[in-house]
Every structure is written in structure tokens, then in C-alpha cells.
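Residue numbers (this note's numbering), protein chains in the order written: chain Y, 7 to 127; chain C, 227 to 412.
Where is the CB? At the ideal position from N, CA and C, for every residue including glycine.
Worksheet: the structure to be examined is printed underneath.
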Amino acid sequence: MSEADERTNDWLRRSLAGHRRPALAPGLSTRVLRRLAERERERDARWRGWVRIVLVAYWLAAALGTLWLLARLPWPDWTSPIAWALAVAAVPAAFAVSLWPERARAWLLALLRPLAPPLVR
Amino acid sequence: MDDEQIVAGYLRTRDPELFRILVERHQARVFRLVAALLGPFADSDAQEVTQEVLLRAHDRLASFRGEARFTSWLYRLAYNRTLEHRRRARLRLPHVTADALAERETARGPFEEAAERERQLRVGQLLEGLPDVYRSVVYLHYWLDATVDEIAELMVVPAGTVKSYLSRARARLRARAKQAGIEGVE
């Protein structure tokens, strides 16, 4: 190494000596794994949100299609109310249960409460 | 179990404990590389950037084909990711520790202190003006006391190349110091 190199070496060491050397804090791997788990949860939540949007869109399309068909088909008198009841109550309820199970259960309990007090209270 | 086997196992099972083994095995080296790439003047936290690098490595693990060593792949990724981060982050010049400042303030008067700050600023500009690869090896060697072999491993180059980088970096510093009128470099 030349003399100039030696002097540059010394100058570099002196110039950088006053700067704090960073130290790795303990627990880095735990923090990394925690952040990974958080990201996975956020990704799942986003995915569930999209699934819900698609299901709602499908639910609306199916409901509208069913109503459209029901309004046009020549039903016998006694089957018409049953078909309408299925279309406007049972089918949407089935979709709602799959989309919002907790809310559907709460609604069901609220509806059943006046009918069967000892069972649900 | 070697790194490549752990990666394959993790990709197959997604067992977080396997990824933890990889992190614990390489975090110290990745941290040193990240710290050197950010440098003493960077307004960034090396811990935070190291975490980001390891998370990025996790996301890209499937792209590791095992053609090179896992460490080479990881250090290359850390190098690129940290430089990306550095380009976005602002520099704060000069950076002097609180202890060093307190020591200086007691030992020197305000004029000397101002002159020292000015000198630190110019030194910082001089070092930060080096190309990425030269600056990184200079910080690794002179700031973090890394050996040539360690730098070679972290930079994924032969030891001879590291020596050549150091030599060229010193030559550039001398030339620039001369232009900038900084004394003591040569």
C-alpha cells in the first residue's frame, strides 16, 4: 500500500470514528414473523372483502332475475304465493346466511323471540 | 439442514419456524450490509430497512431457484432493496452523535465547533458522492471494520475485486478532496 493510501486510510478511519456504529437489536426475527402474520391477516381480510362483493353482486343479480321470471311466468293460483315467498324470503335469506352468518343468526333470534320465548331467551 | 433445504421445506409447508431459522441465521450479516449501504449520514433506520429486506426476501422466496447460494441471493436482494430505499430517503448531513457533540462543545469554542461542523459536512458530501459500490465497501471496511473476505461475501464478489474497489475509492476520495480543498486525505 502506498503512502498516500496509508494517509487516506487514516483519514477515513478518523472521519468515520465519530459516527455511532449501528447494533442489531434483539428480537428482530420475532418482529419479522409478527409483521408477516399481520400481512397475512390483512391479505385474508382483503380477499374476504372481495369475495363478499362478488357474492352480493351475484345475490342481487339472482334476486332480480328471479323476480323478473316470477312476474312473467303463468303460475297456477295456489303456487304463486309459495314461489313468491321463496323468491323474496327463503332464497335471499339463504344467501344472507352465507354472507353474514353472525348477523343472520342475530336476526333469526330477534324474529323468533316473540314466537318461542323460552327457547331463545 | 442447509439454507437451500430450509427454503424448499418452507415453500412446501409454510411453517413460520423454518423461516425464523433463516432469519436468525442471516439477520446479523444482512443488518451489517444494510447499515453500510445506508451509511452514517442516512436518515433511515437500519433495523427497519433490514426488516423490509427480510420481508421482501420472504415474498420472493419462490423465485430462489437454488442456482446460486442462498446467501448470495439474499445479499444481492438486500443490496438492491437498500439502495432503492436510500434513493428515496433524504440524507442528513452531517450526522454526529450526541456524545461526540457534547464532548466537542466542552472542548472547543463556538468558532471551532462551527468549523468542525463545516468539516463534517464536507467529509459527508465527499463520502456520499462516491458511487454506490465504492461507498458501500468504504463504509463496511472503515466504519464497520469488516474484513475484505467478509465484504466479498456480502457484496457477492471475489476478495480481489473488493481490494480493487477500496483502492479506487481511496483514489477518488483523494482526487475529490483535492478539488474540494479538504486537507489530510493525502
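8 Å Cβ cutoff, residue i in contact with chain A
i: Y:V38; result: No chain A appears in the structure shown, which is made up of the protein chains Y and C.
CB of residue i within 8 Å of CB of residue j, strictly
i: C:L399; j: C:L352; result: yes
i: C:V275; j: C:T297; result: no
i: C:V359; j: C:I377; result: no
i: C:G355; j: C:F267; result: no
i: C:A283; j: C:L300; result: yes
i: C:L248; j: C:D229; result: yes
i: C:R343; j: Y:D11; result: no
i: C:D411; j: C:V388; result: Correcting the residue type first, residue 411 of chain C is Val in the shown sequence and not Asp. Cβ atoms of C:V411 and C:V388: not closer than 8 Å.
i: Y:L105; j: Y:R58; result: yes
i: C:Y391; j: Y:L18; result: no
i: Y:A128; j: Y:P98; result: A query on residue 128 of chain Y cannot be resolved here, the shown segment of chain Y reaching from 7 to 127 and no further.
i: Y:L22; j: C:Q253; result: no
Any chain C beta carbon closer than 8 Å to residue i
i: Y:A89; result: no
i: Y:L115; result: no
i: Y:P82; result: no
i: Y:D11; result: yes
i: Y:L30; result: yes
i: Y:W17; result: yes
i: Y:R49; result: no
i: Y:L34; result: yes
Min CB distance residue i to chain Y below 8 Å
i: C:W299; result: no
i: C:L399; result: yes
i: C:A234; result: no
i: C:G410; result: yes
i: C:R246; result: yes
i: C:A406; result: no
i: C:E250; result: yes
i: C:A288; result: no
i: C:F296; result: no
i: C:V383; result: no
i: C:H311; result: no
i: C:R394; result: no
Heavy atom of the ligand SAM within 7 Å of residue i beta-carbon
i: Y:E9; result: You won't find the ligand SAM in this model; it holds no ligand whatsoever.
Contact belief for residue i with residue j at Cβ below 8 Å, rounded distance in angstroms
i: Y:P28; j: C:A340; result: Incorrect: roughly 28 Å between the Cβ atoms, too far for contact.
i: C:L280; j: Y:V38; result: 5 Å
i: Y:L73; j: Y:A93; result: 6 Å
i: C:E250; j: Y:S35; result: 5 Å
i: C:L366; j: C:A304; result: Between C:A304 and C:L366 the Cβ distance is about 13 Å, and since that is not below 8 Å, they are no contact.
i: Y:L76; j: Y:A89; result: 6 Å
(message) List, from N- to C-terminal side, the alpha helix (DSSP H) runs of 4 residues or more that fit wholly inside the stretch 330-406 of chain C.
(response) The stretch 330-406 of chain C contains these whole alpha helix (DSSP H) runs: 336-354, 358-364, 374-381 and 385-406.
(message) In chain order, what are the residue ranges of uninterrupted alpha helix (DSSP H) at least 4 long that sit wholly in the stretch 269-299 of chain C?
(response) Counting only runs of 4 or more, we get 272-286.
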